[in-house]
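Chemist:
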Amino acid sequence: MMTRRPMFHTLALCAAIALSPAGHAAEPAPWLDTSASFETRAAALVAQMTLEEKAAQMQNAAPAIERLGVPAYDWWNEGLHGVARAGQATVFPQAIGLAATFDVPLMGQVATSISDEARAKHHQFVREGEHGRYQGLTFWSPNINIFRDPRWGRGQETYGEDPYLTARMGIAFVHGLQGDDPKYRKLDATAKHLAVHSGPEADRHHFDAQPSRRDLYDTYLPAFEALVKEGQVDAVMGAYNRVYGESASASHFLLRDVLRRDWGFKGYVVSDCWAIVDIWKHHKIVPTREAAAALAVKNGTELECGQEYATLPAAVKQGLISEAEIDDAVTRLFTARMRLGMFDPPEQVRWARIPPDVNQAPAHDALALQAARESLVLLKNDGVLPLPRTLKRIAVVGPTADDTMALLGNYFGTPAAPVTILQGIRDAAKGVEVRYARGVDLVEGRDDPDATPLIEAAYLRPAADSPERGLRGEYFRSADLSGTPALVRTDAQIGFRWDRGSPTDNLMARGEAGPGQGVPNDHFSIRWTGQLLPPVSGRYRIEAAADDGFRLYVDGMRVLEHWADSDRMQSGGVELDLQAGQAYDLRLEYYDAERDAGVRLGWRMPGAKPPFEEALDTARSADVVVFVGGLTGDVEGEEMKVNYPGFAGGDRTDLRLPATQRALLKALHATGKPVVMVLTGGSAMAVEWAQANLSAILMGWYPGQRGGTAVGEALFGDINPGGRLPVTFYTADQAMPAFDDYSMEGRTYRYFRGTPLYPFGHGLSYTRFDYGKLRLDASRIADDGRLKVSVKVANAGKRDGDEVVQLYVRRVAAGPGDAVQALRGFQRVHLAAGEQRTVDFELDAQALRQYDETRSSYVVPAGEYEVRLGGSSADARVLKRFTVEAKRD
């Protein structure tokens, strides 16, 4: 069997080794000289390019330059909580859930697993001659913006509202992605979005953020500085909005003065996608595309996600920028690619040896489960949890109980075997009967396709004479059902959500499809045929839904059609009178255009109760009710076309649960049965009614592919929840500052002066932790000194459990604009029942710095400080004071 040589090495060898006049092979091109530095090699390669070629290499979809052996490369890749949009991959909890673990070593393990899968995928793509989007080694993660306002739909992508927690988690993530090889980077991580960027989503293309300099330096910049200086992150992404009148993706202040001059950043900057367009079109800072491109490059953005940099040759001719400035930018980019090993023999690159079977490896699935377990936050418990297995029946009710999207959030890959919360509860129940009813749609006004039960296999057959159950599926590599099917199989039910992956990814992984039977991620189609066998006579409502198009035929008559591209699941229904004992010919045709893919075929049988009544009946027959609700990435996220009550463009306008869910929750409570609420979502929710009335509340976030398993284990006490809130939960009536006001006063636990519903760092346990005496190794330190802090923590309960020991500092004589307090250390420790341990912290006085606007620099204010240790920002179990001495001249 012939081994296929990686295409980019073939190009490089053919193009870069010339023949001398005598016909002898010349020396390899200098940019292939592995003994030279990456910078030297990159400069030598760039020197051979034309101006037009250089400009093309500064766009994310960089074309090949065959004469120089440069392969095509798309810089755009995503890996926020698993390799995203590249087919099957392990899906860990969403970033906000990872932050809730307060476990820095775990974050490092998660990021290392992500980078293993990313490397394996990349080299497989290269072996197949593919160089497209989501196939490279440059990942646009993590998002370290501060989640300053719970209304922001993208807050789920962050590590919460605190700069210190964000920095520690972000550094661990960057190290895990970029690896520890002294020569070659494993991947490039990207700290985004520098720097003042957290909504509103609808305004991000034209908004000008104007925070005080103190808020900028004390809140918005510290995590970026930490990732640059400590994390050695190789890339930084600019934001869409302006900051102090400059586009964040073309800001001399942010990119030249702060990032490069003050922090010593040596990597490259990439714009957010189509942010350069905004410079001239929406911000109107300059009048033309050429001027926008020139301004961005001159002010420090080397790489554009978009096409405006195609105008750079014209900008040079117009005198807006010099070719030397472009050379410097392109050299930085090729230095990065060379440091990733893209121009060196694979055998020299340690990371190129990661095998393909690391993707979705059992160890990664186990790690996803561990991360999901550690992310769960127990908000309330009156003693009903953990549930005893002496129960006879449990009712699981709610719109996110059996929804895979409730596991994923946004920026996700395709998990091979996701476990929904319903399935996780059933798995954990072990003999307890579990009944399920969805009850209501996720939000009012949303025609939710998941609300209709799928047609079960028992009522379908692929042909009149077939003993099988289900429908015959023909999978085509075209979007119009043309050609010979790549795969023909029987599908028991039609209920699929492939997102950005291929329908055959999972089939191949399970051995149900072989070589040559795969279909692409986009532009494919499927035809299902067979017969429908109604169990009773009467009026049925049959519903189909798809992203993108579908057509449904019954007995040769087209009864439903939505044959058009869409950016989300589109559904339709038809009522038909069907007779029991009669077989009806059924044909469902489906196509996918681009991006997300999914299709469903469901029905409601005659006499079926309305979903709300069905849910209440299910609850009345149970010993305890588990309500699973909240949000999904279908309603909160990045610049979405969503306009339901309480939501706008991906952001939230109401922190309460959607009205549909509130009504169901109150009705369930009125049955008199104990109600446990499991929340899914990526942001804080105002659930004060539930806090006052329900028996227990568990925050599940978007917990990843094994989230359902973790929730089921937690409800039955197989694990002890130990996660903590990385954001403050407010009540619905607590007035928030204007969403577009970037002042920190009144926001987050650091500057909020009221009493929140749940404080930052909050989380309960099935056991109890006691704190001993707090010890400091000094009562006075210099402003460049260090203080050792120690405390004994004991598990005083009867169950093993995790405590997150949190260290907060506050200035006793607080000045105007000072934070109420600030997190300056945390450790997650596991303690067996009855065990005690000394937990040590080292507090650097420089961590107490504040930005002094009169001096335009950081200072460590002299005076008295209070150090507090406890289980949350509102739980100061032990405290002690120390003094920072005034600096002597």
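When we follow the working numbering, the leftmost residue of the sequence shown carries the number 14, and every step to the right adds one.
Every residue, glycine too, gets a C-beta built ideally from N, C-alpha and C.
1) Just list the beta strand (DSSP E) runs in the stretch 63-110, keeping only unbroken ones of 3 residues or longer that don't cross its boundaries, in chain order.
2) Measuring only the C-alpha atoms, how far is G332 from W287?
3) Determine the DSSP secondary structure at N254, reduced to helix, strand or coil.
4) Under the DSSP definition of a beta bridge, which residues are partnered with Q907?
5) Let's see if you can read the secondary structure: which residues bound the beta strand (DSSP E) around I539?
6) Going by CA-CA distance only, name the one from G830, P687, T103 and R227 that's closest to A376.
7) If you pair each beta-carbon of the stretch 536-549 with each one of the stretch 589-608, do three or more pairs fall below 8 Å?
8) With burial defined as no fewer than 16 other Cβ atoms inside 10 Å of the residue's Cβ, what is the status of Y233: buried or exposed?
9) Buried or exposed for E656, please, with buried defined as at least 16 other CB atoms from any protein chain shown within 10 angstroms of its CB.
10) Please name the residue, chosen from D630, D797, P658 and Y147, that lies closest to A74 on a Cα-to-Cα basis.
11) Can you pull the DSSP bridge partners for I157?
12) Sorted by chain position, which residues of the same chain lie with C-beta nearer than 7 Å to A699's C-beta, five sequence neighbours on each side aside?
13) Hey, would you say T517 sits closer than 8 Å to E481, going by beta carbons?
14) Could you check what DSSP says for E315 in three-state terms: helix, strand or coil?
15) Leaving out five residues on either side along the sequence, give the residues of the same chain with a beta carbon under 6 Å from the beta carbon of R255.
16) Between which two residues does the alpha helix (DSSP H) carrying W293 extend?
17) Tell me which same chain residues have a C-beta within less than 6 Å of the C-beta of A845, skipping the five on either side of it?
18) Candidates R226, F347 and E259: which alpha carbon is nearest Y281's?
19) Exposed or buried, what is Q595 when buried is set at 16 or more other beta-carbons lying within 10 Å of its beta-carbon?
20) Apart from the five residues just before and just after Y424, which ones in its own chain have a Cβ nearer than 6 Å to its Cβ?
21) Would you report the Cα separation of L58 and A68, rounded to the nearest angstrom?
22) Measure how close the beta-carbons of Q107 and Q169 come, nearest whole angstrom, since I'm counting them as under 8 Å.
23) Three or more C-beta pairs closer than 8 Å, one from the stretch 672-689 and one from the stretch 428-445: is that the case here?
24) K686 lies in the beta strand (DSSP E); which residues open and close that run?
25) Straight-line CA distance for R496 to H575?
26) Please classify S262: does DSSP put it in a helix, a strand, or coil?
27) For L820 versus G838, is the C-beta distance shorter than 8 Å?
28) What do you reckon, are the CB atoms on P176 and P235 nearer than 8 Å?
29) Buried or exposed, going by whether 16 or more other CB atoms sit within 10 Å of the CB of R474?
30) Rounded to a whole number of angstroms, what is the C-alpha to C-alpha distance between R54 and V83?
31) By Cβ distance, which residues of its chain are closer than 7 Å to P431, with the 5 residues on each side in sequence left out?
32) Considering only DSSP beta bridges, list what M570 is partnered with.
33) Taking the beta carbon of D194 as the centre, do at least 16 other beta carbons fall within 10 Å, making it buried, or is it exposed?
34) Quick check on this structure: which residue in G277, W276, V290 and V246 has the alpha carbon closest to the alpha carbon of A261?
35) Which term fits K811, buried or exposed, when burial requires 16 or more other beta carbons within 10 angstroms of its beta carbon?
36) Apply the 10 Å Cβ neighbour rule to E321 and answer buried if 16 or more other Cβ atoms are within range, or exposed otherwise.
Modeler: The answer reads as follows:
1) Complete beta strand (DSSP E) runs here, min 3: none at all.
2) Working through the sequence shown from its first residue, we reach residue 332 at position 319. Working through the sequence shown from its first residue, we reach residue 287 at position 274. One C-alpha to the other measures close to 24 Å.
3) Walking along the sequence shown from the start, residue 254 turns up at place 241. DSSP places N254 in coil when its eight states are reduced to three.
4) Any question about residue 907 goes unanswered here, given that the chain covers just 14 to 902.
5) Against the sequence shown, residue 539 aligns to sequence position 526. Where I539 is concerned, the enclosing beta strand (DSSP E) stretches over F537 to L545.
6) The residue given as residue 376 occupies position 363 in the sequence shown. Comparing Cα-Cα distances from A376 to each of G830, P687, T103 and R227, the minimum goes to T103.
7) Contact between the stretch 536-549 and the stretch 589-608 is present, because at least three Cβ pairs lie under 8 Å.
8) Locating residue 233 in the sequence shown gives position 220, where the first residue counts as 1. Classification of Y233: buried, given that the 10 Å Cβ count is 16 or more.
9) Counting from one through the sequence shown, the residue named residue 656 turns up at place 643. Sequence check: residue 656 is Asn here, not Glu. Around the CB of N656, fewer than 16 other CB atoms lie within 10 Å, so the residue is classed as exposed.
10) As a working note, residue 74 is residue 61 in the sequence shown. Ranking D630, D797, P658 and Y147 by Cα distance to A74 puts Y147 first.
11) Within the sequence shown, the letter at position 144 stands for residue 157. Its beta-bridge partners do not exist; DSSP assigns none.
12) In the sequence shown, residue 699 corresponds to position 686, counting from 1. Its chain contains L668, R669, Y743, T744, A745 and L770 as the residues whose beta carbon lies nearer than 7 Å to that of A699, once the 5 sequence neighbours on both sides are disregarded; these appear in chain order.
13) Taking the first residue of the sequence shown as position 1, residue 517 is located at position 504. Taking the first residue of the sequence shown as position 1, residue 481 is located at position 468. Their beta carbons are not under 8 Å apart, which means T517 does not touch E481 by this criterion.
14) For the purposes of this step, residue 315 is taken as residue 302 along the sequence shown, with counting starting at 1. Three-state DSSP puts E315 in coil, outside helix and strand.
15) Counted from its first residue, the sequence shown places residue 255 at position 242. Answer for R255: D221 and H296, listed in chain order.
16) In the sequence shown, residue 293 corresponds to position 280, counting from 1. Taken as a continuous stretch (DSSP letters only), the alpha helix (DSSP H) holding W293 covers A288 to K294.
17) For the purposes of this step, residue 845 is taken as the residue at position 832 of the sequence shown. The answer, listed in chain order, is D813.
18) Stepping through the sequence shown from its first residue, residue 281 is reached at position 268. Closest in alpha carbon position to Y281, among R226, F347 and E259, is F347.
19) Position 582 of the sequence shown, counting from 1, holds the residue named residue 595. Q595 comes out exposed.
20) As a first step, residue 424 is located in the sequence shown; it is residue number 411 there, counting from the start. If the five residues before and after Y424 are omitted, its C-beta is found closer than 6 Å to the C-beta atoms of E91, L93 and A97, all from its own chain and listed in chain order.
21) By one-based count along the sequence shown, residue 58 stands at place 45. By one-based count along the sequence shown, residue 68 stands at place 55. Looking at the two C-alpha atoms, the distance is approximately 14 Å.
22) Working through the sequence shown from its first residue, we reach residue 107 at position 94. Working through the sequence shown from its first residue, we reach residue 169 at position 156. Rounded, the Cβ-Cβ distance is 5 Å, consistent with contact.
23) Segments in contact, no.
24) By 1-based counting over the sequence shown, the position of residue 686 is 673. K686 -> no beta strand (DSSP E), and no H or E assigned at all.
25) Reading the sequence shown from its first residue, position 483 is the one you call residue 496. Reading the sequence shown from its first residue, position 562 is the one you call residue 575. Correcting the residue type first, residue 496 is Gly in the shown sequence and not Arg. C-alpha separation (whole angstroms): 22 Å.
26) Walking along the sequence shown from the start, residue 262 turns up at place 249. Looking at S262 - three-state DSSP - the assignment turns out to be helix.
27) The sequence position of residue 820 within the sequence shown is 807, counting from 1. The sequence position of residue 838 within the sequence shown is 825, counting from 1. For L820 and G838, yes; Cβs fall inside 8 Å.
28) Indexing the sequence shown from 1 puts residue 176 at position 163. Indexing the sequence shown from 1 puts residue 235 at position 222. Cβ atoms of P176 and P235: closer than 8 Å.
29) Residue mapping note: residue 474 aligns to position 461 of the sequence shown, counting from 1. Classified as buried, R474 has 16 or more neighbouring CB atoms from the shown chains inside 10 Å of its CB.
30) Here residue 54 refers to the residue found at position 41 of the sequence shown. Here residue 83 refers to the residue found at position 70 of the sequence shown. Cα to Cα, the separation comes out at about 13 Å.
31) As a position in the sequence shown, residue 431 is number 418, starting the count at 1. Only T417, L420 and Q718 meet the Cβ criterion.
32) Your numbering for residue 570 matches position 557 in the sequence shown. Per DSSP, V567.
33) By one-based count along the sequence shown, residue 194 stands at place 181. With fewer than 16 other Cβ atoms within 10 Å, it is exposed.
34) Reading the sequence shown from its first residue, position 248 is the one you call residue 261. It is V290.
35) Position 798 of the sequence shown, counted from the first residue, corresponds to residue 811. K811 sits exposed, since fewer than 16 C-beta atoms from the chains shown fall within 10 Å of its C-beta.
36) If you number the sequence shown from 1, residue 321 lands on position 308. Under this definition E321 is a buried residue.
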